[in-house]
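Peer 1:
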Amino acid sequence: MSDQAPAPGVDTTVPQVARIWNYWLGGKDNFPVDREIGDRILRMLPDVARLARASRLYLNRVVWFLAAEAGVRQFIDIGAGLPTVDNTHEVAQRAAPDSRIVYVDNDPMVLAHAKALLTSTPEGRTAYCHADLRDPERILEAAAETLDLGEPVALMLMGVLEFVPDDDEAYPIVRRLVDALTPGSYLAVCDGTNVVHGAESDRIVEVWNASGNAPLVLRTPEGIARFFEGLEILRPGVVPVTRWRPEHPSDDVDAYGAVGRKL
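The sequence shown begins at 3 in the working numbering and counts up one residue at a time.
#1: Write down the C-beta distance between residue 95 and residue 156 rounded to the nearest angstrom, noting that I regard them as a contact closer than 8 Å.
#2: Please go through the same chain and pick out, in chain order, the residues whose beta-carbon is closer than 6 Å to the beta-carbon of residue 43, but skip the five residues on each side of it.
#3: Tell whether a beta-carbon distance below 8 Å holds between residue 163 and residue 198.
#4: What residue range does the alpha helix (DSSP H) around residue 128 cover?
#5: Would you call the region 133 to 145 and the region 226 to 245 in contact, with 3 or more CB pairs under 8 Å?
#6: Below 8 Å between beta carbons: does that hold for residue 194 and residue 256?
#7: Kindly confirm or deny that the region 217 to 226 and the region 52 to 61 touch, where touching means at least three C-beta pairs closer than 8 Å.
#8: Within this structure, are the beta carbons of residue 31 and residue 21 separated by less than 8 Å?
#9: How about residue 184 and residue 154: do their beta carbons lie closer than 8 Å?
#10: What does the Cβ neighbour count give for residue 28, buried or exposed, with the cut at 16 atoms within 10 Å?
#11: Give me whichever residues DSSP pairs with residue 241 in a beta bridge.
#12: Compare the C-alpha of residue 98 against each of 247, 84, 123, 106 and name the closest.
#13: Could you tell me which residues DSSP pairs with residue 76 in its beta bridges?
#14: Residues in the same chain with beta-carbon distance under 7 Å from residue 80, minus the five sequence neighbours each way, listed in chain order, please.
#15: The alpha helix (DSSP H) that contains residue 189, what's its start and end?
#16: Can you grab the Cα-Cα spacing for the pair residue 221 / residue 203, in whole Å?
#17: Using C-beta distances below 6 Å, list every residue in its chain close to residue 37, excluding the 5 sequence neighbours before and after it, in chain order.
#18: To which residues of the same chain is residue 228 closer than 7 Å at the C-beta, ignoring the five residues directly before and after it?
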């Protein structure tokens with residue numbers, strides 16, 4: 003676990019989303035306050051650890067599909083979190099070495115680690131934008147410095163929309179980002195639900211929101227599908243992430259995902 007001095011701007015007295023997920027994924031970039039809430043949630047619902055791993059594997063499968071099969075060479079990964087094994091750029095550049103990736107996050111600790119760890123292939127490029135999802139104009143402006151927005155882009159919103167609890171804010175943000183992309187671009191989403199564990203998941207949200215962390219909301223599969231209005235949702239549709247083109251079948255988790263193509 004991380005015992006070194008935190009990066010400037012990092013508050014180690016309040017749990018942070020990226021660090022808790024890092025803990026659940028077996029990483030070391032977290033602090034006692036993160037592990038405390040992480041362990042409390044695991045005691046309430048041990049399946050959360052599997053959800054974290056399943057969500058990561060889903061991201062990997064989506065990126066590989068987009069780069070290797072759909073021919074996408076440009077990615078915007080918003081809410082990227084702390085670097086771990088098989089980051090978006092590593093999977094994309096393994097499939098297509100000339101892939102370009104822009105990571106976006108608003109956590110100072112993610113910023114500090116991203117600068118040190120996110121290296122690119124010689125043919126490709128990676129960049130980092132310190133910004134909040136709620137500032138789509140800033141994100142698009144920064145992305146345009148690395149990507150050609152006149153060519154197809156994959157917009158990755160993995161586990162970040164659940165931290166925009168107001169639907170009147172969340173849906174317009176996604177619409178603004180998608181509207182800025184050319185036809186042939188893709189939207190990939192992973193969002194939390196309570197379909198599998200019901201009241202247990204709802205209680206975890208209450209604990210999470212009382213911890214001082216970023217407020218969290220769970221959406222229905224129908225609510226997640228609304229982010230794809232006007233897009234062609236690819237098979238198998240809006241499904242538990244464990245069902246999105248898996249190599250091996252696995253039990254459902256309370257994270258649903260989908261990939262849509264802009265026509």
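In this text, a Cβ means the ideal position worked out from N, Cα and C, and glycines have one as well.
Peer 2: The relevant details are as follows:
#1: 13 Å between Cβ atoms; not a contact.
#2: 50, 206
#3: no
#4: Careful: residue 128 lies outside any alpha helix (DSSP H), inside the beta strand (DSSP E) at 127 to 132.
#5: no
#6: yes
#7: no
#8: yes
#9: yes
#10: exposed
#11: 259
#12: 123
#13: 102
#14: 106, 135, 141, 158, 159, 162
#15: Counting along the chain, residue 189 falls outside any alpha helix (DSSP H), though it belongs to the beta strand (DSSP E) covering 188 to 194.
#16: 11 Å
#17: 25
#18: 173
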